[in-house]
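Chemist:
Protein chains: 2
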Amino acid sequence: MIKKYMFIFLTMFVLNITADEGMWEPYQMKSLQKELRASGYKGSVANVSDLFKHPMNAIVSLGGCSAAFVSDQGLIATNYHCIERSYLQFNSNAESDLFETGFVARTKDDEKRSAPGSRVYVTLKSTDITNKVLDGLSDDTAALERAEIIEDNKKVIIRECETSDEFECRVRSFFSGETYKLEKVLKIKDVRLVYAPPSYIGEYGGEIDNWMYPRHTGDFALLRAYTAKDGSSKEFTKDNVPYKSDSFLKVSAKGVKDGDFVMVVGYPGRTNRTITFNEIKWDLETGFHETVKFLKRGIELMEQNTNSSDGSMLKYRGLKSGYENYYKKISGQIDGANNFKLIESEKIKWRNFLDFVEKDASETDKNYLSELLNLIDEDQQKSLARSYYGNSALISQAKRIYRNAVEREKIDAERKPGYQDRDQERIINRIKSLDYSFDPRVDRAIFEDRLIVYSGFDSSLRRATYSKLFRLDESKEIILSKVDEIYSTDYQTSENFLQMFEMSLDELNDSQDPLIIFAKDTFDESLAYEKESEETGAKRQLLKSKFIGLLKKYYESSGKQMYADANGTLRVTYGNVAGVSLKDGLIYEPFTRLEGIAQKHTGIKPFNASGKLLNLIETKDYGKYFYKPINSVPVNFLSTLDITNGNSGSATINSKFELVGLAFDGMLETIIADYKYIPDARTISVDSRYLLWTLEKLDEAENILEELTITNSIY
Amino acid sequence: MIKKYMFIFLTMFVLNITADEGMWEPYQMKSLQKELRASGYKGSVANVSDLFKHPMNAIVSLGGCSAAFVSDQGLIATNYHCIERSYLQFNSNAESDLFETGFVARTKDDEKRSAPGSRVYVTLKSTDITNKVLDGLSDDTAALERAEIIEDNKKVIIRECETSDEFECRVRSFFSGETYKLEKVLKIKDVRLVYAPPSYIGEYGGEIDNWMYPRHTGDFALLRAYTAKDGSSKEFTKDNVPYKSDSFLKVSAKGVKDGDFVMVVGYPGRTNRTITFNEIKWDLETGFHETVKFLKRGIELMEQNTNSSDGSMLKYRGLKSGYENYYKKISGQIDGANNFKLIESEKIKWRNFLDFVEKDASETDKNYLSELLNLIDEDQQKSLARSYYGNSALISQAKRIYRNAVEREKIDAERKPGYQDRDQERIINRIKSLDYSFDPRVDRAIFEDRLIVYSGFDSSLRRATYSKLFRLDESKEIILSKVDEIYSTDYQTSENFLQMFEMSLDELNDSQDPLIIFAKDTFDESLAYEKESEETGAKRQLLKSKFIGLLKKYYESSGKQMYADANGTLRVTYGNVAGVSLKDGLIYEPFTRLEGIAQKHTGIKPFNASGKLLNLIETKDYGKYFYKPINSVPVNFLSTLDITNGNSGSATINSKFELVGLAFDGMLETIIADYKYIPDARTISVDSRYLLWTLEKLDEAENILEELTITNSIY
């Protein structure tokens, strides 16, 4: 064991891309056959290269999280933390707090509905449409025209694709717009809560253990997808029936052992591994630190302005925990960048790339690159101020509704994406979500604080209408008097906003409500800003695709295969169960044990295990989930899988495509891996044996255990 | 590796006394022959049973720390943290800060003198004198008489023993006064600083890493003992010559490997392993928490009232770091008591003991036991208040000098111990120490705060003279006005106090100085308090010795050998180099590496390695200290040795009696071991290879390396 980890520190600084690295697109798996076999994969490579074969077609997205079908009746396994807002918070109130109690539907009738807009997305199709998106363009097309053409092309593509409102079609950019793909998904609209453990299991360790190891979190939950009897996607109705997926994953009661091959198929959200050095440098030296400041203040504001008696604390629980999560992540990235000397190593890598460009690139490409770097540098100067003016959910809602009313005057095809017929439902759902995530008093306190910071930026960096309407160059009192006025609006609840949503543009223009007037007064400028940013974006996109072209050539010149940065599309990562040493003298074991839960237990949240759980552990009631090498039931395990945000809830599967865990976290020490692959980075999965043990021993959920296909094979 | 640690959590709660356990008296080693061999010991058992054979006669005490001779010219190795106050702080000032620079005496002439009273104690004799101490006593002797007889007996014994002021004789109580031993030590008065690394090595990690692992502290330093040419102990003079010890330890350049036998011979200060359950319960449920409160406030007071500009911060650096150290220790004991369920396990153990007593003890012994427990319970009620009135170093000095003047009126033999001729030097040294560890402004701020807390105790728990003189039942302003008066004294410096020391009792009684008047006004009561506490003490001592008698019988009845609680006398502990897992999923490796220093480096104290050190690490300049299994030079290592405070600086030796490290710390997780032996407790030693590497590579101290006898054997 020591031998195995001994050289880790020494190799940490060595830049090398290994076979395991990567968030691969399924089609790339075929060319990784040798590496897959070397990692211990025994299954079919064809299957994991094909989106529409098992196990790939058992994998779904929840939008921001990944999940997998685990029965032929639409049962879905995902992380507890993926369902907190739309399923637990939505179904909790002062009388019944599902966070406290957990939830087990003993029959299908017991299942709980989800917050409006809760969806399961099943990928139906993925096609390369680069030519279609870029149709009518040349490298010389002016930026704004370029943006408009791309937008128009995309709209046509999407319109043709979305044959019914059951489907959603998305044009995804790969390699910063070097490639485009069309993704068609089935949008399942009726998703219900089947099972969630109490929070003392589902988020055991809470923010304290978040991004940390050793970990003892039962980060699992079960949902069920429903459709109409004819298989079409319908909003909740009693008549809906469980969705029949093309395949589902069996669940392993024997799990993995140290060194085993594992794989995750999921929807990683975003990485920054193919960006320019100028961007890395900005993020590391400025951006991260500014974000930390922004988040820290946001958390303080929520702490100071919410309380449990009026329900505001519960309403901001989700946002606050999101801020805390992100705060910890960015702080870890700052530390990781220092520890792994990212700036230094990336500088060297960049210099080598520039040498290659100098030697092998055309003059045109060289010019593109230098134009790109200038554009990036300029834009960074402006980015800071931008985060400080839009922090009022009240104003954002009004502006969105006003904009929607403007767009609705046009025929659908000419509307701005986001305001087309296909988007109306999402706008309504967003309004409805105010019910459980918005309090005007808190919203205003946050906005005021941000606005005062905004007033401190140079006026050239601020929006002119904001400067003028809030009189940002005058005293704090004067600035806040305008806020007073806006927040005296009649529109303060989702009900009000739904009324506003129904109003025509004329009605809105005639309104004397200060909020609507403000939305109207800032409208033209918002539009102009949008145009400007589209123009920059289009220019940047072209230049970046040229940069990626150069980068690909550079990679090829050193015999390496390249994968696109994560972009929310389905990716495959494979690797092995393995512990790691990230600090000298300290080894993270690959598995944690039930006993570790008792060890951490203090009785105080987030370490408040129940008496029943502690008793099961104390009496060693391991059942058939006992794993001899650790002399207990495994709770969480580590693997070399390469994941990021969005992968949460992904099934961790073995060579036989059995679910052996659910990936739910990375480690703070290596979270900088979003910027650069780190061989020592580890994925933390909750072990399938802990899931099954909890269902059986703690929650006695016989019905669920019967529905799952549980395997007892050891490979 | 995993296998090895796997069951640790599970066995943690099992009460079992293993062979390795214990802080044994040398004479006990003979009966542990089998256990020693089983641990891998290959040396002579006779040698480690005899105080006056090698290696035992190479071991010395610094008073509060342990140390060992490492050359035939009086060179002594100990911990850096043992020499901070009397050697580094004493020789540092605004111009030359030895903490920053470290110190290497390139020749003997360069060596630095130490603070007054700095001593090395060489044990010359240890004799059982129980009969002499208890001569003239029966179990029925009244408590106060008992106390007086014991005190008188001790005085006679000491007087006969201390044939010159080179020697110090101490009567040591073992098993709470069940046994007494006379210890005669040579008191070496001229000790000089030879070598200390910079603080970024000697206290790398500082308070943050204190009691923690993984650790990377170079906690080593070298002193030299000098005597007169005739071998007698003399205060510093240029004519003194290096002391020739009876033996010294060779230093190993090859160190230990995982699993190796190791031994520590040193002077552990105090443990509480043979106390009653009533005492454990009080400490765990009340005492620890009160101490934490007291220390925390003390640290705050020093932080608020000292600054670097007037030197006060430097003056209180030692006291503050002592408080911080103790604070962390007690906090760890609180946690450890919870984690290891101490109250629960000790309750069971106690119940078994009481069963034994009920069944096998005489009525008299039963009565003694119940009397003891009553006495303990009563005394605990009073103990809290006591810590809050005596926190003025100014007042303490004055009271000690006044008392000394009173005692000096008597002939030496009749004086109270602590005020005899033999004690005068220590009193003077204590006064002199004010120069570098006292500031009247800070002293007063601390005293005032404590006094206000004291005023909050019920008057029955307070000293009557304090209640009266400070008018403790009145307002804070009134209380503090008396403090004002006392601190307006003319005696504020060591110079002043040395003058006070020279005054006769009559002169003191005639003085109009408010400080001296206060010392005089409280004198009679102090004496009465002393008598009362002696009476209780004598009673308690008798009862405890009876309790110990019962406990010994109880141990015998279950076939176990018992060792006395640590009491500052020479003890032997043996065990093996071994990592450990104290938290599920986390393994502490047995060794840390040079690279770990660079990993922890932030540039900010206490993680501020120098460029030179970092460069040596970066370039892997390991020299002959490279240890293949960890691919680096070991910095610190873990072993199963059973140590406590006072063991600091102890040489960790191998079977061949070579110095392979210096023990310097335990771990917070198991620091509760002072109350109960914990099999998973580990001692942290700094590795001899890191000491030698630092001397050679960083400090280029050729002269020191030449003086040491360095061995390169591997066993």
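The listed protein sequences correspond, in order, to chains F and U. Numbered per numbering that gives the first Met the number 0, the first sequence finishes at 714, counting up by one with no gaps. Numbered per numbering that gives the first Met the number 0, the second sequence finishes at 714, counting up by one with no gaps. Positions of the beta carbon are idealized from the N, C-alpha and C atoms, including for glycine.
Tell me whether Asp229/U sits in a helix, a strand or coil according to DSSP, three-state version.
Modeler: For Asp229/U, the three-state secondary structure derived from DSSP is coil.
Chemist: Pick helix, strand or coil for Ile82/F, following the three-state DSSP scheme.
Modeler: coil
Chemist: Quick check on the DSSP output: the alpha helix (DSSP H) that includes Ile547/F runs from which residue to which?
Modeler: 522–556
Chemist: Starting from Tyr573/U, follow its DSSP beta bridges and name the residues at the other end.
Modeler: Met262/U
Chemist: Check whether the Cβ atoms of Thr236/F and Ala227/F sit closer than 9 Å, and answer yes or no.
Modeler: yes
Chemist: So, are the CB atoms of Val170/F and Thr708/F less than 9 Å apart?
Modeler: no
Chemist: Which term fits Thr363/F, buried or exposed, when burial requires 16 or more other beta carbons within 10 angstroms of its beta carbon?
Modeler: Taking every protein chain shown into account, the CB of Thr363/F has fewer than 16 other CB atoms within 10 angstroms, so this residue is exposed.
Chemist: Counting only the same chain and skipping the five closest in sequence on each side, list residues whose C-beta sits under 8 Å from that of Leu612/U.
Modeler: Tyr199, Ile200, Ile596, Leu697
Chemist: Tell me where the alpha helix (DSSP H) around Asp448/U begins and ends.
Modeler: 439–454
Chemist: Using a Cβ-Cβ distance under 9 Å, would Asn635/U count as near chain F?
Modeler: True, the Cβ-Cβ gap to chain F drops below 9 Å.
Chemist: Below 9 Å between beta carbons: does that hold for Thr270/F and Ile329/F?
Modeler: For the pair Thr270/F and Ile329/F, the CB atoms are not nearer than the 9 Å cut-off.
Chemist: Classify Lys2/U as buried or exposed, calling it buried when 16 or more other Cβ atoms lie within 10 Å of its own Cβ.
Modeler: The pLDDT assigned to Lys2/U is 33, lower than 50, so where the model puts this residue is not dependable; a value taken from the coordinates is nonetheless given after this. Exposed, since its Cβ has fewer than 16 Cβ neighbours within 10 Å.
Chemist: Determine the DSSP secondary structure at Ala650/U, reduced to helix, strand or coil.
Modeler: DSSP places Ala650/U in strand when its eight states are reduced to three.
Chemist: Roughly how many angstroms separate the alpha carbons of Leu694/U and Leu593/U, rounded to a whole number?
Modeler: 14 Å
Chemist: Below 8 Å, how does it come out for the region 374–383 of chain U and the region 549–568 of chain U: are there three or more Cβ pairs, yes or no?
Modeler: The region 374–383 of chain U vs the region 549–568 of chain U: no contact.
Chemist: Suppose the cutoff is 7 Å on Cβ atoms and the five residues either side in sequence are ignored; what does the same chain contact list for Arg112/U look like?
Modeler: Counting only Cβ-Cβ distances below 7 Å, and skipping sequence neighbours, we find Arg191, Phe235.
Chemist: Can you tell me where the alpha helix (DSSP H) with Glu150/U in it begins and where it stops?
Modeler: 142–160
Chemist: Could you tell me the distance, in whole angstroms, from the CA atom of Ser117/F to the CA atom of Gly645/F?
Modeler: So the alpha carbons of these two residues sit roughly 16 Å apart.
Chemist: Taking just the CA atoms, how far does Arg272/U sit from Phe546/U?
Modeler: 13 Å
Chemist: Contact criterion: CB-CB distance below 9 Å. Does Glu588/U meet it with respect to chain F?
Modeler: Judged by the 9 Å Cβ criterion, Glu588/U is in contact with chain F.
Chemist: Look up Tyr435/U in the DSSP assignment and say whether it is helix, strand or coil.
Modeler: helix
Chemist: What's the call for Asn338/F, buried or exposed, on a 16-neighbour Cβ count within 10 Å?
Modeler: Asn338/F should be labelled buried.
Chemist: With DSSP as the reference, label Lys124/U as helix, strand or coil.
Modeler: Residue state, collapsed to three classes: strand.
Chemist: Quick check: the Cα distance between Cys168/U and Lys619/F, rounded to an integer number of angstroms?
Modeler: 56 Å
Chemist: Just grab the DSSP bridge partners of Thr722/F for me.
Modeler: Nothing can be reported for residue 722/F: it is not among the residues displayed for chain F, which extend from 0 to 714.
Chemist: Return the first residue and the last residue of the alpha helix (DSSP H) that Asp483/F is part of.
Modeler: 475–486
Chemist: Mind checking Leu35/F: buried by the 16 CB within 10 Å criterion, or exposed?
Modeler: Buried, since its Cβ has 16 or more Cβ neighbours within 10 Å.
Chemist: Drop a sphere of 10 angstroms on the beta-carbon of Tyr86/F, count the other beta-carbons inside from all chains shown, and report buried for 16 or more, exposed for fewer.
Modeler: Within a 10 Å sphere around the beta-carbon of Tyr86/F sit 16 or more other beta-carbons, which makes this residue buried.
Chemist: Given a cut-off of 9 Å, decide if Leu550/U and Met211/U are closer than it, judged by their beta-carbon atoms.
Modeler: The answer is no: Cβ separation not under 9 Å.
Chemist: Report the partner residues of Asn400/F according to the DSSP bridge assignment.
Modeler: Looking at the sequence provided, one finds Ile at residue 400/F rather than Asn. Beta-bridge annotation (DSSP): Ile400/F is not paired with any residue.
Chemist: Grab the span of the beta strand (DSSP E) containing Leu613/F for me, first residue to last.
Modeler: Run containing Leu613/F: none in the beta strand (DSSP E); it sits in the alpha helix (DSSP H), 610–617.
Chemist: When the Cα of Thr710/F is compared with those of Val452/F, Tyr624/F, Asp512/F, which residue comes out closest?
Modeler: Considering only Val452/F, Tyr624/F, Asp512/F, the residue with the shortest C-alpha distance to Thr710/F is Tyr624/F.
Chemist: Express the C-alpha separation of Met262/U and Ala37/F in angstroms, rounding to a whole number.
Modeler: 47 Å
Chemist: Would you identify the three-state DSSP class for Asp282/F, choosing helix, strand or coil?
Modeler: helix
Chemist: Is there a C-beta anywhere in chain F that falls below 9 Å from the one on Arg592/U?
Modeler: yes
Chemist: Taking CB distances under 9 Å as the criterion, tell me whether Lys409/F reaches chain U.
Modeler: Taking Cβ atoms only, chain U never reaches closer than 9 Å to Lys409/F, which makes this a no.
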